[in-house]
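Here is the structure we will look at, set down as structure tokens.
There are 2 protein chains.
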Amino acid sequence: MSHTLGVRQAQKQKTRRALLDAALELLEEQSLSSLGLREVTRAVGVAPTAFYRHFRSIEDLGVALVEEALGSLHPMIRTIVSTTGDGEERIARAVELIAGHVDAHPAHVRFIARERHGGVQAVRAAIRDQLALFAVEVGEALAEDPVSAGWGEEDLVMLAQLYVDQMLGTASLFLEAPVGEARERVFRMAVRRLRLIGTGRAHWLDGGVGG
Amino acid sequence: MSHTLGVRQAQKQKTRRALLDAALELLEEQSLSSLGLREVTRAVGVAPTAFYRHFRSIEDLGVALVEEALGSLHPMIRTIVSTTGDGEERIARAVELIAGHVDAHPAHVRFIARERHGGVQAVRAAIRDQLALFAVEVGEALAEDPVSAGWGEEDLVMLAQLYVDQMLGTASLFLEAPVGEARERVFRMAVRRLRLIGTGRAHWLDGGVGG
DNA sequence: GAACTCAGTGAACAACTGTAACCACAACCG
DNA sequence: CGGTTGTGGTTACAGTTGTTCACTGAGTTC
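Residue numbers (my numbering), protein chains in the order written: chain A, 221 to 431; chain B, 221 to 431.
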């Protein structure tokens with residue numbers, strides 16, 4: 221399908237991947253603003269100066285990681301919003317998908333959770349922008365749901381952002397409780413939270429505040 | 221009231237405060253795991269080795285900052301949960317209190333938001349533990365509320381944690397939008413979120429899942 | 001097959017880091 | 001008052017950091 225890269229380009233991509241992977245691994249025990257360029261190249265087994273062939277700075281690498289990490293999250297969101305079934309089924313399915321994603325990409329989840337409020341401005345901005353796009357997508361899906369009939373625009377936006385936040389928060393909790401009873405508790409709590417939000421949704425227009 | 225400290229102890233406390241304040245200020249543009257001991261002492265105007273008279277390490281200082289930052293949050297929570305009035309009034313009042321707290325202690329809020337998922341294990345743990353205590357407190361207040369009649373224990377815990385999370389999330393949003401129209405939007409969104417949660421609360425037992 | 005491109009190397013740089021040992025001197029206590 | 005305590009200062013060390021520069025040599029192109 222895509223044009224075959226030359227041996228040279230392929231090798232470069234490989235080194236780039238190695239740098240990203242090594243950084244992601246190192247970031248499990250520290251944050252981006254303390255990650256050293258030399259630290260990353262050392263982990264890959266490459267000269268420090270080779271770093272500059274791929275990224276201008278650690279900050280730059282961080283932004284690349286954001287795209288990668290949230291890129292892997294994107295399909296999951298599409299799956300969740302397109303899942304059919306009644307409320308309870310959808311909720312359980314959504315939490316299972318989140319748990320599965322955390323199992324599959326723990327380092328990505330950790331990175332986003334950590335750097336969302338982290339010390340590197342450019343990375344925070346990149347995460348914020350991507351999450352805003354997610355919220356728009358969720359918002360559009362919500363707008364098509366009959367439950368949202370009569371909802372105001374700002375209310376839909378609020379709900380979409382709330383769902384995105386819940387997703388991230390839940391993912392982060394799964395990260396700290398990957399197995400056993402703790403994981404079960406996170407699962408139940410996440411389900412309850414979504415159930416509460418769903419209940420609020422169902423009765424949103426009851427009081428006559430809508431419009 | 222308290223026993224008057226000797227001149228020596230007072231001077232030591234003063235230096236300690238200066239170290240904490242300097243660290244807090246430096247942490248506005250980086251995260252704890254990249255904060256250097258020398259950096260802090262330089263900002264205070266004190267010898268690097270003097271640091272050890274007050275903290276064993278930067279990590280140690282971080283834990284002290286957690287106690288301070290969440291200590292300042294504690295009275296606000298007590299105020300919010302003890303506020304009387306109908307739902308809408310309480311919500312507006314709560315969001316105003318949060319906004320006011322962010323104005324009064326922006327560095328504290330930033331620190332907690334950043335280090336809650338940050339790269340220093342001991343600090344994450346300290347924040348988690350303190351927030352768990354907050355949740356217990358909120359949970360006890362919720363239990364006394366007639367709206368919570370018939371609620372299960374785990375449901376109350378879930379709701380309390382949800383409120384604590386909302387408070388922190390809202391505070392963090394205010395931090396990024398301290399003035400003007402953006403702040404108003406954060407305000408409205410936070411109110412809507414609490415309103416949705418309140419609506420969910422009011423109809424929690426409608427479906428017959430309770431017990 | 002010759003000319004060119006460019007990912008990765010190696011050495012060197014000034015600046016920085018945490019921490020150890022020892023010292024000065026003001027505050028404290030008997 | 002005299003001796004002790006302990007905060008903070010000074011100096012020094014061994015490592016680390018980001019970045020520069022000139023370079024090599026394999027992949028590419030004509």
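Cβ atoms here follow ideal geometry from the backbone N, Cα and C, with glycine treated the same way.
Using alpha carbons as the reference points, say which of the options lies closest to residue i.
{"i": "residue 413 of chain A", "options": "B/405, B/380, B/427 and B/404", "result": "B/380"}
{"i": "residue 234 of chain A", "options": "A/264, A/248 and A/297", "result": "A/264"}
{"i": "residue 377 of chain A", "options": "A/370, A/386, A/363 and A/388", "result": "A/363"}
{"i": "residue 216 of chain B", "options": "B/236, B/391 and B/274", "result": "With chain B running from 221 to 431 in the structure shown, residue 216 of chain B is simply not present."}
{"i": "residue 229 of chain B", "options": "B/269, B/353 and B/274", "result": "B/274"}
{"i": "residue 288 of chain B", "options": "B/341, B/357, B/393 and B/350", "result": "B/350"}
{"i": "residue 425 of chain B", "options": "A/426, A/425, A/420 and A/427", "result": "A/420"}
{"i": "residue 344 of chain B", "options": "B/372, B/279, B/311 and B/305", "result": "B/279"}
{"i": "residue 241 of chain B", "options": "B/276, B/225, B/284 and B/277", "result": "B/284"}
{"i": "residue 387 of chain B", "options": "B/398, B/358 and B/373", "result": "B/358"}
{"i": "residue 393 of chain A", "options": "A/335, A/317, A/410 and A/225", "result": "A/410"}
{"i": "residue 396 of chain B", "options": "A/374, A/348 and A/373", "result": "A/348"}
{"i": "residue 435 of chain A", "options": "A/384, A/333, A/225 and A/232", "result": "As displayed, chain A neither begins before 221 nor continues past 431, which places residue 435 of chain A out of reach and without an answer."}
{"i": "residue 341 of chain A", "options": "B/236, B/226, B/249 and B/227", "result": "B/249"}
{"i": "residue 398 of chain A", "options": "A/325, A/365, A/372 and A/232", "result": "A/325"}
{"i": "residue 236 of chain B", "options": "B/225, B/226, B/261 and B/365", "result": "B/261"}
Run through chain B and tell me which residues come within less than 7 Å of residue i, C-beta to C-beta.
{"i": "residue 392 of chain A", "result": "337"}
My guess is that residue i and residue j are in contact by the Cβ rule of under 8 Å, so how many angstroms apart are they, rounded?
{"i": "residue 171 of chain B", "j": "residue 422 of chain B", "result": "Only positions 221 to 431 of chain B appear in this structure, which leaves residue 171 of chain B out of reach."}
{"i": "residue 370 of chain B", "j": "residue 251 of chain B", "result": "That pair is no contact at about 44 Å."}
{"i": "residue 271 of chain A", "j": "residue 244 of chain A", "result": "About 15 Å separates the two Cβ atoms, so there is no contact after all."}
{"i": "residue 256 of chain B", "j": "residue 418 of chain B", "result": "Actually they are not in contact, since the Cβ atoms of residue 256 of chain B and residue 418 of chain B sit about 46 Å apart, beyond 8 Å."}
{"i": "residue 361 of chain A", "j": "residue 301 of chain A", "result": "4 Å"}
{"i": "residue 259 of chain B", "j": "residue 247 of chain B", "result": "Incorrect: roughly 10 Å between the Cβ atoms, too far for contact."}
{"i": "residue 254 of chain B", "j": "residue 253 of chain A", "result": "4 Å"}
{"i": "residue 415 of chain B", "j": "residue 297 of chain B", "result": "That belief does not hold up - the Cβ atoms of residue 415 of chain B and residue 297 of chain B are roughly 20 Å apart, past 8 Å."}
{"i": "residue 389 of chain A", "j": "residue 335 of chain A", "result": "Actually they are not in contact, since the Cβ atoms of residue 389 of chain A and residue 335 of chain A sit about 15 Å apart, beyond 8 Å."}
{"i": "residue 266 of chain A", "j": "residue 346 of chain A", "result": "Rounded, the Cβ-Cβ distance is 25 Å, inconsistent with contact."}
{"i": "residue 317 of chain A", "j": "residue 304 of chain A", "result": "Going by Cβ atoms, the distance from residue 317 of chain A to residue 304 of chain A rounds to 14 Å, so no, they are not a contact pair."}
At a CB-CB cut-off below 7 Å, which residues of chain A make contact with residue i?
{"i": "residue 385 of chain B", "result": "389"}
{"i": "residue 375 of chain B", "result": "412"}
What does residue i touch in chain A if you count any residue whose Cβ is under 8 Å from its own?
{"i": "residue 382 of chain B", "result": "413 and 416"}
Can you pull the chain B neighbours of residue i, defined as C-beta to C-beta under 8 Å?
{"i": "residue 379 of chain A", "result": "416"}
* Which of the residues in the region 401–423 of chain A, read from start to end, lie with their CB under 8 Å from any CB of chain B? -> 408, 409, 412, 413, 415, 416, 417, 418, 419, 420, 421, 422 and 423
* Asked: Quick one, which residues of the region 227–260 of chain B are near chain A if we go by CB-CB under 7 Å, in chain order?
  -> 249, 250, 251, 253 and 254
* Residues in the region 333–363 of chain B with C-beta within 7 Å of chain A's C-beta atoms, listed in sequence order? -> 333, 334, 337, 338 and 339
* Does the region 281–293 of chain B touch the region 318–332 of chain B, meaning 3 or more C-beta pairs lie closer than 8 Å? -> yes
* Touching by the beta-carbon criterion (3+ pairs, under 8 Å), the region 324–344 of chain B and the region 401–411 of chain B -> no
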